[in-house]
Amino acid sequence: MNQRKALFQIALDILTKQEAKKLLKPEVLSVVDIVEIGTPLIMRYGLSIVELIKDWTKGDKILFADTKIADAGRWETNETISAGANMVSVLAGASTYTLEEVRDATQLNQAKMVVDIIDLSLSDENKIKFIYSLCPDYLCIHLSTDVVKKGGSLLEFSRQSSFVSSRRLPLMVAGGIHSLNLPEILKSIRPAIVVAGSSITKAPNPKLEAQNMRRIIDETIFF
11 MNQRKALFQI
21 ALDILTKQEA
31 KKLLKPEVLS
41 VVDIVEIGTP
51 LIMRYGLSIV
61 ELIKDWTKGD
71 KILFADTKIA
81 DAGRWETNET
91 ISAGANMVSV
101 LAGASTYTLE
111 EVRDATQLNQ
121 AKMVVDIIDL
131 SLSDENKIKF
141 IYSLCPDYLC
151 IHLSTDVVKK
161 GGSLLEFSRQ
171 SSFVSSRRLP
181 LMVAGGIHSL
191 NLPEILKSIR
201 PAIVVAGSSI
211 TKAPNPKLEA
221 QNMRRIIDET
231 IFF
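Sequential numbering from 11 applies to the sequence shown in the numbering used here.
See the structure below:
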């Protein structure tokens, strides 16, 4: 990884658009690098929410649409980018054909591809090699909300992944990250992107939690 420190991404998931707009105040936007339009938000409002958030952020932030594409890779990628997204996600469990379609569409549109291994401990060596061969922009080590609610640990999950131990791809990390466990996650995984969702959006003081996490990221320099 060439980055000296991680980028910071806020995830907007199970929210109304009014709640999302309220969270995207200048004091929060000023400390994040990427705004994620989460899967639940897209399911609730469709891709029009991507256009709205692009307008709310005045085009100053990278927009990641967490589409979790599983099929129709080229079409879904093109539609998402047309709505204003700079990054899209595709599931690692998708077919090799779908993964290739997403890669080709993102490259053609100068967008970023995120391969999401959500809750999946890949053991298929051929699939792992194929994902490496795609050279996605990011590989997301992702623990789902449902698993986090049951006590799952992102750090434990990451230790099972050869993608983390090899460090051959830039890593995005997501799932139950907050200011208390962030230092250990940064130290152990050395991610390119840190994603925080409900730890900010459901915090009593979202601005303070976002600022605390930004400070921790800024104090953790990768060499």
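For every residue, glycine included, the Cβ atom is placed at its ideal position computed from N, Cα and C.
*In DSSP terms, what Y148 is bridged to*: In the sequence shown, residue 148 corresponds to position 138, counting from 1. In DSSP, Y148 forms a bridge with V124.
_Three-state secondary structure (DSSP) of T230_ = Reading the sequence shown from its first residue, position 220 is the one you call residue 230. Three-state result, T230: coil.
*Cα-Cα, which of I226, P50, A93 is closest to V204?*
The count along the sequence shown starts at 1 and reaches residue 204 at position 194. When C-alpha distances from V204 are compared across I226, P50, A93, the shortest belongs to I226.
*asked:* Output needed for N222: all residues of its chain with C-beta closer than 6 Å, excluding positions within five of it in sequence on either side, in chain order.
replied: Position 212 of the sequence shown, counted from the first residue, corresponds to residue 222. Result list for N222: S189, in chain order.
*Three-state secondary structure (DSSP) at V60?*
Locating residue 60 in the sequence shown gives position 50, where the first residue counts as 1. Helix.
*Do you know how far the Cα of N215 is from the Cα of M123?*
On the sequence shown, position 113 is the one that residue 123 refers to. On the sequence shown, position 205 is the one that residue 215 refers to. Spanning the alpha carbons of M123 and N215 requires a straight line of approximately 32 Å.
*Proximal residues to V158 (C-beta, below 6 Å), its chain only, five neighbours per side dropped*: Walking along the sequence shown from the start, residue 158 turns up at place 148. Once the five neighbours on either side are set aside, the close Cβ partners of V158 are G185, G186.
*Could you tell me if A93 is buried or exposed, where buried requires 16 or more neighbouring beta carbons within 10 angstroms of its beta carbon?*
By 1-based counting over the sequence shown, the position of residue 93 is 83. The C-beta of A93 has 16 or more other C-beta atoms within 10 Å across all chains shown, which makes the residue buried.
*With a 10 Å radius around its C-beta and 16 neighbouring C-beta atoms as the bar for buried, classify M182 as buried or exposed.*
To locate residue 182, count along the sequence shown from 1; it is residue 172. A residue is called buried when at least 16 other Cβ atoms come within 10 angstroms of its Cβ; M182 meets this threshold and is buried.
_Distance, K137 Cα to T106 Cα_ = Here residue 106 is taken as the residue at index 96 of the sequence shown, counted from 1. Here residue 137 is taken as the residue at index 127 of the sequence shown, counted from 1. The straight-line gap from Cα to Cα measures roughly 8 Å.
*Return the Cβ separation of R84 and E61 in integer angstroms, given the expectation that the two are a contact with Cβ distance under 8 Å.*
Position 74 of the sequence shown, counted from the start, is the residue given in the question as residue 84. Position 51 of the sequence shown, counted from the start, is the residue given in the question as residue 61. Going by Cβ atoms, the distance from R84 to E61 rounds to 21 Å, so no, they are not a contact pair.
*Inter-residue CB distance, T67 and L39 (contact presumed, cutoff 8 Å)*: Reading the sequence shown from its first residue, position 57 is the one you call residue 67. Reading the sequence shown from its first residue, position 29 is the one you call residue 39. Their Cβ separation, rounded to whole angstroms, is 6 Å, which keeps T67 and L39 in contact under 8 Å.
*Using only alpha-carbon positions, find the residue among A95, P193, L165 that is nearest to G56.*
By 1-based counting over the sequence shown, the position of residue 56 is 46. Answer by Cα proximity: A95.
_Inter-residue CB distance, E24 and V45 (contact presumed, cutoff 8 Å)_ = Here the question's residue 24 lines up with position 14 in the sequence shown. Here the question's residue 45 lines up with position 35 in the sequence shown. Correcting the residue type first, residue 24 is Ile in the shown sequence and not Glu. Going by Cβ atoms, the distance from I24 to V45 rounds to 16 Å, so no, they are not a contact pair.
*Three-state class that DSSP yields for A21 in the structure shown*: Walking along the sequence shown from the start, residue 21 turns up at place 11. Reduced to three states, the DSSP call for A21 is strand.
*Inter-residue Cα distance where the pair is M11 and L118*: Locating residue 11 in the sequence shown gives position 1, counting from the first residue. Locating residue 118 in the sequence shown gives position 108, counting from the first residue. Residue placement at M11 is flagged as unreliable, the pLDDT there being 48, under the threshold of 50; the coordinate-derived value follows with that caveat. Approximately 24 Å, taken between the alpha carbons.
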